[in-house]
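> Numbering (the numbering used here), first residue to last: 452 to 912.
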Amino acid sequence: MTSTIYTNRSNRNIFIPRDTGSPHDGLMAHISGLGQMARLDFERCAVAGEVIYAIEGDALPVSQQDEEARVGTLAYALKKLGNPEDAAEFVRCLNAICEEGDARYRQVAASHYFNEIAVRGTSEVLKEMALLAMQIASLHPILEAAETEFESADATDDGDHSFDRKSLFDQEVEAISRMIRGRRKSACFVHDEITEWVNDLEASGASLEELDDAFAYADALEQYDEGGAIITMSSHDRTVACGRIDPELAAEDLPERAQHLAAELRRAYVNGVWLEEMWDDLSAQIEVLFPVAGKTETHARFYSHANRELQSFCREVLEAVLAECQSDFHLSALRGNRAYREFHKAIRGAADTKVVGEAMKQAFAARTTGKLSLKHFTALKTAAMLQRERLQAQPLSATASQLLNEVRTASNAKLRYLSWAFYGSNQPSHPVHRISTQERSALWGELNARKQETPALRKAA
452 MTSTIYTNRS
462 NRNIFIPRDT
472 GSPHDGLMAH
482 ISGLGQMARL
492 DFERCAVAGE
502 VIYAIEGDAL
512 PVSQQDEEAR
522 VGTLAYALKK
532 LGNPEDAAEF
542 VRCLNAICEE
552 GDARYRQVAA
562 SHYFNEIAVR
572 GTSEVLKEMA
582 LLAMQIASLH
592 PILEAAETEF
602 ESADATDDGD
612 HSFDRKSLFD
622 QEVEAISRMI
632 RGRRKSACFV
642 HDEITEWVND
652 LEASGASLEE
662 LDDAFAYADA
672 LEQYDEGGAI
682 ITMSSHDRTV
692 ACGRIDPELA
702 AEDLPERAQH
712 LAAELRRAYV
722 NGVWLEEMWD
732 DLSAQIEVLF
742 PVAGKTETHA
752 RFYSHANREL
762 QSFCREVLEA
772 VLAECQSDFH
782 LSALRGNRAY
792 REFHKAIRGA
802 ADTKVVGEAM
812 KQAFAARTTG
822 KLSLKHFTAL
832 KTAAMLQRER
842 LQAQPLSATA
852 SQLLNEVRTA
862 SNAKLRYLSW
872 AFYGSNQPSH
882 PVHRISTQER
892 SALWGELNAR
902 KQETPALRKA
912 A
């Protein structure tokens, strides 16, 4: 089989094989035409509709409820309180308070008391929990067997050795403290209602048919996770969404004469032009570019079926481009928020980092007054950071390069003069005040480096 390596324009060409009429031959031809990285992606991921997902095996799925239930564990209390004695007392009281409750009740109670500790302090809340636990215990008096402390036989023989008598709970506290100290984390088992239900059925003498139905029902429940991002395939396999398939048609598919229509559509969408008005203008241009009926130079009438198909194809491509624009957060923000559009235009058009900073100050004021949402302000911060990096990466101007060489070759006295002239408005006529802020920052960095190299200037500073 002859393999052909080609450049994939989109991820659709990676995950969707071409239909050749033979599924096996088409798949083999598709794999042979992929590069190494694209083949790894194709073999690891699969497609369901328009969603790309990957199967993660040997990973026990953890639901949101299980994650939240960890708030009532000993490991979490140790991390939260920091003191092993306080954590042990907290868990003891919590166990007594939530003895008759379920996992949800325990989670709510633990969250409540942690919030109270943050406000009122640990000792006061632990005292309140202990009193409540004693009151609950007095309502249901039961006989409990005390924990038996086992000692080795050698402990009675040798009186010189002292053995530490600790309860099993205190030993558990020490073990978990060792496991989670530093930045290490500890996992714990959570209550599984489905498993408990199946075990109760088996203990009650259920038949094999009833147990099979119960297992089938449990497997059906485990197929989906309520978070929405993970679909559990089995008890040890789960799928994670990796992205979406690119649309089948893109702007590059337009005929050469109509390539400019995609840019016009994006420009009109960003500028807030009504969709009906935008489509009327694009349709008029398509009909001019590909006329279906008309007269030739010799006044002979013609009708072109090819141009009719080209018109239909151009409209399909432009609809795909419009759908891509509507799913893009940045383009939709430019279309729907005038303040965001103005601030972004000012940031991207800035040639000085000082202008970028002023634009962000105004954007923060707009965020305070409610003209900008938090998501839009965060996007503007990212655009400002990228614009600063672009400006700082640009080559220095002729004036800045000349000043930089002057700083590198200056004497000690000249360096002291340049430090005075560069600062503030001490020497307004100096060329340093006519260059951009990012170039001035580069000069200050070089000037400070020269000062550090000169012992006399470093001592004076």
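C-beta atoms are modelled at their ideal positions from N, C-alpha and C, and glycine is treated no differently.
Check whether the Cβ atoms of L761 and L733 sit closer than 7 Å, and answer yes or no.
Counted from its first residue, the sequence shown places residue 761 at position 310. Counted from its first residue, the sequence shown places residue 733 at position 282. Against a cut-off of 7 Å, the Cβ pair of L733 and L761 comes out as no contact.
> Using a Cβ-Cβ cutoff of less than 6 Å, which residues in the same chain neighbour A872 once the five nearest sequence positions on both sides are dropped?
Translated into positions along the sequence shown, residue 872 becomes position 421. The residues are Q878 and H881.
> For K746, which of helix, strand or coil comes out of DSSP?
For the purposes of this step, residue 746 is identified with residue 295 of the sequence shown, where counting begins at 1. It is a strand residue.
> Hey, how far is the Cα of E728 from the Cα of R792?
For the purposes of this step, residue 728 is taken as residue 277 along the sequence shown, with counting starting at 1. For the purposes of this step, residue 792 is taken as residue 341 along the sequence shown, with counting starting at 1. Taking the straight line joining both Cα atoms gives about 21 Å.
> Let me check one thing: in DSSP terms, what residues is C496 bridge-paired to?
Here residue 496 corresponds to residue number 45 of the sequence shown, with the count starting at 1. For C496, which the question treats as bridged, DSSP gives the partners A505.
> Between which residues of its own chain and P468 is the CB-CB distance below 6 Å, once the five residues before and five after are set aside?
Start at 1 with the first residue of the sequence shown, and residue 468 comes out as number 17. Excluding positions up to five away in sequence, the list reads G477, L478 and H481.
> Can you give me the C-alpha to C-alpha distance between S655 and Y564, rounded to a whole angstrom?
Taking the sequence shown and counting its residues from 1, the one referred to as residue 655 is at position 204. Taking the sequence shown and counting its residues from 1, the one referred to as residue 564 is at position 113. So the two alpha carbons sit approximately 38 Å from each other.
> Let's see if you can read the secondary structure: which residues bound the alpha helix (DSSP H) around Y720?
Position 269 of the sequence shown holds residue 720. First-last of the alpha helix (DSSP H) with Y720: H711 to V721.
> Can you round the beta-carbon distance between L700 and E767 to whole angstroms, since I take them to be within the 8 Å contact cut?
Against the sequence shown, residue 700 aligns to sequence position 249. Against the sequence shown, residue 767 aligns to sequence position 316. About 6 Å separates the two Cβ atoms, so the contact holds.
> Whether or not the region 850-860 and the region 801-820 are in contact is what I'm after, with contact meaning three or more pairs of Cβ atoms, one per stretch, closer than 8 Å; do they touch?
no
> Around the C-beta of D611, are 16 or more other C-beta atoms found within 10 angstroms, so that it is buried, or is it exposed?
The count along the sequence shown starts at 1 and reaches residue 611 at position 160. Any reading at D611 needs caution, since the residue's pLDDT is 48, under 50, leaving its predicted position unreliable; the model's value is listed next. D611 should be labelled exposed.
> Identify every run of the alpha helix (DSSP H) within the region 524-606, keeping only runs that are complete inside it and at least 4 residues long; order them along the chain.
As far as the region 524-606 is concerned, its whole alpha helix (DSSP H) runs of at least 4 residues are 525-532, 535-548, 554-571 and 573-590.
> Need the endpoints of the alpha helix (DSSP H) that R841 sits in, please.
Walking along the sequence shown from the start, residue 841 turns up at place 390. Looking at the DSSP string, the run of the alpha helix (DSSP H) that includes R841 is L825 to A844.
> With a threshold of 16 other CB atoms inside 10 Å of the CB of S824, please say whether the residue is buried or exposed.
For the purposes of this step, residue 824 is identified with residue 373 of the sequence shown, where counting begins at 1. Exposed: under 16 other Cβ atoms inside 10 Å.
> From the DSSP output, in three-state form, read off Y874 for me.
Walking along the sequence shown from the start, residue 874 turns up at place 423. DSSP places Y874 in coil when its eight states are reduced to three.
> Helix, strand or coil: which one does DSSP assign to R752?
Here residue 752 refers to the residue found at position 301 of the sequence shown. If DSSP states are grouped into helix, strand and coil, R752 belongs with the strands.
> What whole-angstrom Cβ distance do E897 and L847 have, given they're in contact under 8 Å?
As a position in the sequence shown, residue 897 is number 446, starting the count at 1. As a position in the sequence shown, residue 847 is number 396, starting the count at 1. Rounded to whole angstroms, the Cβ separation of E897 and L847 is 11 Å, and the two are not in contact under 8 Å.
> Among V724, L577, T850 and R789, whose alpha-carbon lies nearest the alpha-carbon of H827?
On the sequence shown, residue 827 is found 376 positions in, with the first residue counted as 1. Per the Cα distances, R789.
> By Cβ distance below 8 Å, which residues in the same chain neighbour A801 in space, the five residues on each side in sequence not counted?
Indexing the sequence shown from 1 puts residue 801 at position 350. Same-chain partners within the cutoff: V807, A810, Q838 and L842.
> I'd like to check one pair, H795 with A835: are the Cβ atoms closer than 7 Å?
Mapped onto the sequence shown, residue 835 falls at position 384. Mapped onto the sequence shown, residue 795 falls at position 344. Cβ distance not < 7 Å, so A835 and H795 don't count as in contact.
> In the DSSP output, which residue or residues are listed as bridge partners for R695?
By one-based count along the sequence shown, residue 695 stands at place 244. The partner list for R695 (beta bridge, DSSP) reads V502.
> Using 7 Å as the threshold, is the C-beta distance between D803 and S887 below it?
Start at 1 with the first residue of the sequence shown, and residue 803 comes out as number 352. Start at 1 with the first residue of the sequence shown, and residue 887 comes out as number 436. In this structure, S887 lies closer than 7 Å to D803 by Cβ.
> Between D916 and S483, what straight-line distance do the alpha-carbon atoms span, to the nearest angstrom?
Lying before the first or after the last residue shown, residue 916 is absent from the chain, which here runs from 452 to 912.
> Using the C-alpha atoms, what's the distance from R543 back to L529?
Here residue 529 refers to the residue found at position 78 when the sequence shown is read from its first residue. Here residue 543 refers to the residue found at position 92 when the sequence shown is read from its first residue. Going from the Cα of L529 to the Cα of R543 covers about 13 Å.
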